[in-house]
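Quick notes on the structure that follows.
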Amino acid sequence: MSFELIKLHDHYVGGLVLPGLEPGPTGQRSELLTFTEDRIRARGIGEVVVVYICHPEVGWNAVVGCRCDGLSGLAVGDSLVRVPTGYFARFVPDGDHSDPVEDVWHQVEIAEKEGRIERAYREEVAVIGPSGVTELYISLA
Numbered sequence: 133m134s135f136e137l138i139k140l141h142d143h144y145v146g147g148l149v150l151p152g153l154e155p156g157p158t159g160q161r162s163e164l165l166t167f168t169e170d171r172i173r174a175r176g177i178g179e180v181v182v183v184y185i186c187h188p189e190v191g192w193n194a195v196v197g198c199r200c201d202g203l204s205g206l207a208v209g210d211s212l213v214r215v216p217t218g219y220f221a222r223f224v225p226d227g228d229h230s231d232p233v234e235d236v237w238h239q240v241e242i243a244e245k246e247g248r249i250e251r252a253y254r255e256e257v258a259v260i261g262p263s264g265v266t267e268l269y270i271s272l273a
């Protein structure tokens, strides 16, 4: 397992909202997320961004879309979320699992259990490249 600590600057992601979708391999492999990812790719988007957001009153939700410059970059029916500047742990598949999505989420779980990272449980970002390879950006406390 390896990860790097990086600072992400604030940016916007516009896309479709999936209520109740929690971060993790189960959520990312759900039929609804796969269907939504396909709808986003049908727009000609190569790199799909999934932002997981936890609200204290309603729980986890996800916005599935792409980076944009703000409201002017949204398609009709899309929602906009801002990922604030902060420090994140960046995880990429390292080949320990046959499924790269399971691989990155497993790395996050181990890093947290071993005390190597302290998750903030704020905005957590999955970037799914055109080939389907996922990079995770886990918000740090």
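Counting in this note's numbering, the sequence shown runs from 133 upward without gaps. All C-beta atoms in this analysis are idealised placements derived from N, C-alpha and C, irrespective of residue type, glycine included. Just so you know, these numbers come straight off a predicted model, no measurement behind them.
Quiz item: Span of the alpha helix (DSSP H) holding residue 159?
Solution: Unbroken alpha helix (DSSP H) run through residue 159: 157 to 160.
Self-check item: C-alpha gap between residue 171 and residue 261, whole angstroms
Solution: 15 Å
Quiz item: Taking buried to mean at least 16 other C-beta atoms within 10 Å of its own C-beta, is residue 159 buried or exposed?
Solution: buried
Quiz item: Near residue 225, which residues of its chain fall below 6 Å by C-beta distance, leaving aside the five closest residues on each side in sequence?
Solution: Close CB contacts of residue 225 within its chain, under the 6 Å cut and outside five residues either way in sequence, are with 232, 235, 236 (chain order).
Quiz item: By DSSP, does residue 190 sit in helix, in strand, or in coil?
Solution: coil
Quiz prompt | First and last residue of the uninterrupted beta strand (DSSP E) at residue 266 | solution = 266 to 271
Quiz item: Using DSSP with H/G/I as helix, E/B as strand and the rest coil, what is residue 146?
Solution: strand
Exercise. Let me know if residue 117 comes out buried or exposed under the rule of 16 or more other beta-carbons within 10 Å of its beta-carbon.
Key: Nothing can be reported for residue 117, as the shown portion of the chain is limited to 133 through 273.
Quiz item: Just checking, does the stretch 202 to 210 make contact with the stretch 238 to 248 on the three C-beta pairs under 8 Å criterion?
Solution: no
Quiz item: Do residue 248 and residue 271 have their C-beta atoms closer together than 8 Å?
Solution: no
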